[in-house]
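Residue numbers (this note's numbering): 45 to 326.
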């Protein structure tokens, strides 16, 4: 029964990954034939190319910043959407719309919104608004974290909405009888009952942040001064703009290693291998 899924995973995941690992030991400029160079690419990327570590630092900043923004907003949004009122169902549909838009469309839209000539800064009468949203190297990272969060918070909010609706209402009714208010119920019932949903959402957020590329490429291309040239974008620029597939493959393998390590750490820390039903003891 599992054979079709295993074959699909092997053909579209394991074989391409093996090919990238092999290319990381070769020198290839796309046009010519690949030449085996051993560990030369790895040494160059890790030790002779200082920007690799700069890109890694930018990636860590982006991953942590995205998580700190998306996690609480998605949790609160999911809890809100789980209510039974009809207006919440309508709002849930509106909140989910950003996930349906293509990354290119979102990038071009926000590029216009952040334009210094006709964007937010020019349209709103607030002098404190910056007009260099995408050209300020100190600001652009936080702008990208917001835009990416705007796109993906709806998905994680949907996960939390489904999780909250699985919590037995009897638990809230008992807490109300005991005199617990909504805030106390949120921290004593909702959060503990959502622990496995939080683990799943956190894993998707953190590992997914390692692969964000299209929005950043459309909005900034990594500029200004490579301020948002995180590892996925660095891999693309190195491979398809500088035509160095060997270096780009090394960066790709590093990304895979970081993603796998992060996933394993989250599984170990969270104890997901010992997961029980959320309704245990209810």
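All C-beta atoms, glycine included, are put in the ideal place defined by N, C-alpha and C.
Contact check between the segment 133-149 and the segment 286-294: fewer than three CB pairs, one atom from each, fall below 8 Å, which does not count as touching. If you draw a straight line from the Cα of residue 177 to the Cα of residue 160, it comes to about 8 Å. Your pair residue 99 and residue 278 checks out as a contact, with CB atoms roughly 4 Å apart and the cut at 8 Å. In terms of Cα proximity to residue 186, the closest of 108, 231, 230 and 163 is 108. Under the three-state reduction of DSSP output, residue 45 falls in the coil class, being neither helix nor strand. DSSP lists 79 as the bridge partner or partners of residue 71. Per the coordinates, the alpha-carbon of residue 66 lies some 24 Å from the alpha-carbon of residue 251. The Cβ atoms of residue 184 and residue 105 lie no closer than 8 Å to each other.
Going by DSSP, residue 193 is part of the alpha helix (DSSP H) stretching over 184-209. Between the C-alpha atoms of residue 209 and residue 199 there is a straight-line separation of about 16 Å.
The Cβ neighbour count for residue 136, taken over all protein chains shown within 10 Å, is at least 16; the residue is labelled buried. Straight through space, the alpha carbons of residue 163 and residue 169 are spaced by roughly 12 Å.
If you draw a 10 Å sphere on the C-beta of residue 188, you find 16 or more other C-beta atoms in it, and that means buried.
Collapsing the DSSP output to three states places residue 273 in coil.
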